[in-house]
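Heads up: the protein sequence lines correspond to chains X and C, in order. One point on numbering: in this note's numbering, the residue at position 35 of the first sequence is 35, and numbering is uninterrupted. One point on numbering: in this note's numbering, the residue at position 207 of the second sequence is 1207, and numbering is uninterrupted. Every residue gets a Cβ at the ideal spot worked out from N, C-alpha and C, and that includes glycine. No experiment lies behind these values; they were computed from the predicted model shown. What follows is a single structure, written as structure tokens, with notes after it.
Protein chains: 2
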Amino acid sequence: MYDCVIIGGGPGGVTAAIYAIRSGMKTVVVEKIGVGGQIALSDIIENYPGFPSISGLELMSHFENHAKGIGVEFVSADITGIEVDGDKRILKTAGENIETKTVVICSGAEAKKLGFAGEEEFIGRGVSTCATCDGPFYRNKAVAVIGGGDTAVKESIYLSKIASKVYHVHRRDRFRAEKVLQDRIVTKDNIEFVWKHTTEEALGDVSGVTGLRVKSVDTGETRDLDVDGVFVFVGITPNTAFVDCDKDEQGFIVVNENMETSIPGVYAAGDCRVTPLRQVVTAVGDAAIAAFKAEEYVSELEGRAYDKVGAQGVTLK
Amino acid sequence: MYDCVIIGGGPGGVTAAIYAIRSGMKTVVVEKIGVGGQIALSDIIENYPGFPSISGLELMSHFENHAKGIGVEFVSADITGIEVDGDKRILKTAGENIETKTVVICSGAEAKKLGFAGEEEFIGRGVSTCATCDGPFYRNKAVAVIGGGDTAVKESIYLSKIASKVYHVHRRDRFRAEKVLQDRIVTKDNIEFVWKHTTEEALGDVSGVTGLRVKSVDTGETRDLDVDGVFVFVGITPNTAFVDCDKDEQGFIVVNENMETSIPGVYAAGDCRVTPLRQVVTAVGDAAIAAFKAEEYVSELEGRAYDKVGAQGVTLK
Chain X
1 MYDCVIIGGG PGGVTAAIYA IRSGMKTVVV EKIGVGGQIA LSDIIENYPG
51 FPSISGLELM SHFENHAKGI GVEFVSADIT GIEVDGDKRI LKTAGENIET
101 KTVVICSGAE AKKLGFAGEE EFIGRGVSTC ATCDGPFYRN KAVAVIGGGD
151 TAVKESIYLS KIASKVYHVH RRDRFRAEKV LQDRIVTKDN IEFVWKHTTE
201 EALGDVSGVT GLRVKSVDTG ETRDLDVDGV FVFVGITPNT AFVDCDKDEQ
251 GFIVVNENME TSIPGVYAAG DCRVTPLRQV VTAVGDAAIA AFKAEEYVSE
301 LEGRAYDKVG AQGVTLK
Chain C
1001 MYDCVIIGGG PGGVTAAIYA IRSGMKTVVV EKIGVGGQIA LSDIIENYPG
1051 FPSISGLELM SHFENHAKGI GVEFVSADIT GIEVDGDKRI LKTAGENIET
1101 KTVVICSGAE AKKLGFAGEE EFIGRGVSTC ATCDGPFYRN KAVAVIGGGD
1151 TAVKESIYLS KIASKVYHVH RRDRFRAEKV LQDRIVTKDN IEFVWKHTTE
1201 EALGDVSGVT GLRVKSVDTG ETRDLDVDGV FVFVGITPNT AFVDCDKDEQ
1251 GFIVVNENME TSIPGVYAAG DCRVTPLRQV VTAVGDAAIA AFKAEEYVSE
1301 LEGRAYDKVG AQGVTLK
């Protein structure tokens, strides 16, 4: 039986593993596809302190080498459920189940896609789903923002301070974002609203995105926006279907400040949890806390097991 | 006036600055002595993902170069107070005051010292105040733990899984740690309790610590413990005297999940806040959230200022 099984091999999962194995726990990372997670899709990351500019793939290979160098084991499996059996946590897979005392869920989340032409092709090369991550690459350039909810409006305001111009494209004639955000976005002189337009295609070449083709819902006419970046904010879906614990409406896992979920011995960290910010730095911070608390939990279990057999004559003075 | 002033140039402060400046805020880091913080005193850090083994000084020079490379400004000053004047936050110094819309406090904390010979000399070379940070360097070696509170007992248990032997030195004949921890520590066969002994001296040479000299409170006799590491857990003091916000009994700043203190526009991150774990990774995660929320706050202020002058004819459809 493992002391700690970590689900997910992104920045959070690898960090949880580094902390878990250093604390002496028998640890394994279970990853569906391979080490890296969503961040491995990023072309350039410039906000993980210590690495001024690095690709997601390269950063994650540093993480992976770090973990493997201290003996962290990675296995490939798709976890389909978590069962509780006394002090045992049983992870269901298509093959053999995995038994462990604690679980750290670092399964991440994925931005929803709109499905326009070029959206997948240019992801990380002009198409982005994170203004905090990629906004600064468009300093004094024009960008398009797509979406009508709180996040879209908030990120549009955020980008308006960095980019020279923001085209805010929305298929309806009004935002569904909260009133205070709507009041704020209209104060931004460099945001042009492109109402009642759907997105047709991200235009571009080998260098990346060069424009965005949008289409009027009323007339069917298309218009090409001259932009270098396209930010799509149409929601984000956590990878949490396999676990039956407290979640918010969108499926993000609810944790306390110790990263404890509603299932004792099961922790969640990073993008898959309810959190104010989804970044590499926040995932690694969460993950360290989760692994630290998992070790305390295992230590408590051992204490309890000992109590059952009696104090064996050892007494404190 | 600054948008964001960051107090402290450790891992948290530098990260807050990276996030703040990338979001377009006018930002400065105010540091008392120099960039680096407490972590710069660490000889080796092996749990900041991406850097398998690096000195604190070197890691912080990577952080500093990262921040300076994107235009972060550092100034030297000792902040002695924070005053609130409407939407202005005024930082008091011995010289000119600094005015800002938001403040991110990353002022850190310091482990208390016992004052025995060699304690300062061997810090980072055998004397440690953090088992999570330095425990793994003593795999299958003997260590001494000093202290009688919850942290000392918890960390002693933690170290007992990594080290071959733990001498737990305490000046009294019982721990003041909570009962459940006391019950747990007696189950550890490789912990030897050295009751009613004070610490005289960390013994060592150029290679670092080689032993610990302790002295019986009753007889005055000394005993040399053959250890490679000495962990001192006699408390930790946050550097928060300059700010008058909600704090816990020890002076750590109370924040919510957005890193907001009880003063609007003032955030706290890292070691100086009430937190389950004090590590580089947790400080950088906190700091990113604090800077992100500070930017939202500034954005809200601008929206409010705009409301006062009227919507200037701009309306949302």
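Given a threshold of 16 other Cβ atoms within 10 Å of its Cβ, counted over all protein chains shown, does T100/X qualify as buried or as exposed?
buried
Cα separation between Q312/X and I1185/C?
Residue placement at Q312/X cannot be trusted, given a pLDDT of 40 that sits under 50; what the coordinates show is reported in the next sentence. Straight-line Cα distance between these residues: approximately 13 Å.
Could you give the distance in angstroms between the alpha-carbon of Y1158/C and the alpha-carbon of Q182/X?
51 Å
Under 8 Å by beta carbon: chain C residues contacting R273/X:
What R273/X touches in chain C: nothing, since even the nearest Cβ is about 11 Å away.
At the level of alpha carbons, what is the spacing between R1172/C and C1106/C?
35 Å
DSSP state of R176/X mapped onto helix, strand, coil:
coil
Give the single residue among N258/X, S61/X, G229/X and E58/X whose Cα lies nearest to the Cα of R139/X.
G229/X
Suppose you measure from the CA of G1069/C to the CA of K32/X; what does that come to, to the nearest Å?
37 Å
In angstroms, rounded to a whole number, what distance separates the CA positions of E260/X and V84/X?
15 Å
Which class does C4/X belong to by DSSP, given the choice of helix, strand or coil?
strand
Should the segment 1001-1009 of chain C be regarded as contacting the segment 44-58 of chain X, the criterion being three or more beta carbon pairs within less than 8 Å?
no
Entirely enclosed beta strand (DSSP E) segments - the segment 1226-1263 of chain C, minimum 3 residues
1229-1232 and 1236-1238
Taking CB distances under 8 Å as the criterion, tell me whether K1293/C reaches chain X.
yes
Could you spell out the range, first to last residue, of the alpha helix (DSSP H) harbouring H62/X?
G56 to G69
Give a yes or no on whether the minimum CB-CB distance between I1157/C and chain X is below 8 Å.
yes
Between E1064/C and V1028/C, how many whole angstroms is the CB-CB distance? I'm expecting something under 8 Å.
Wrong, their Cβ atoms sit about 14 Å apart, outside the cutoff.
Determine, for Y19/X, whether the minimum Cβ-Cβ distance to residues of chain C falls below 8 Å.
yes
For the segment 1100-1181 of chain C, list the alpha helix (DSSP H) runs that are entirely contained and at least 4 residues long, ordered along the chain.
1131-1134 and 1150-1160
Please list, in chain order, the residues of the segment 1230-1254 of chain C that have any C-beta partner in chain X closer than 8 Å.
none
Would you report the Cα separation of A77/X and V1169/C, rounded to the nearest angstrom?
46 Å
Taking CB distances under 8 Å as the criterion, tell me whether V143/X reaches chain C.
no
When you compare the CB positions of I18/X and H66/X, do they come within less than 8 Å of one another, or not?
yes
Taking the alpha-carbon of F122/X as reference, which of E302/X, V153/X and A202/X has the nearest alpha-carbon?
A202/X
Please work out which residues of its chain come closer than 6 Å, Cβ to Cβ, to A1290/C, disregarding the five sequence neighbours upstream and downstream, and give them in chain order.
A1016, V1104, M1259, Y1267 and A1269
I'd like the span of the alpha helix (DSSP H) that includes A16/X, first residue to last.
P11 to R22
With a cut-off of 8 Å, do at least 3 Cβ pairs link the segment 1194-1211 of chain C to the segment 1116-1130 of chain C?
yes
Under 7 Å between beta-carbons, which chain C residues line up against I289/X? List them in chain order, please.
P1276, L1277 and T1282
Scan the segment 1015-1040 of chain C for residues whose Cβ lies nearer than 9 Å to a Cβ of chain X and list them as they occur along the chain.
T1015, I1018, Y1019, I1021, R1022, S1023, G1024 and M1025
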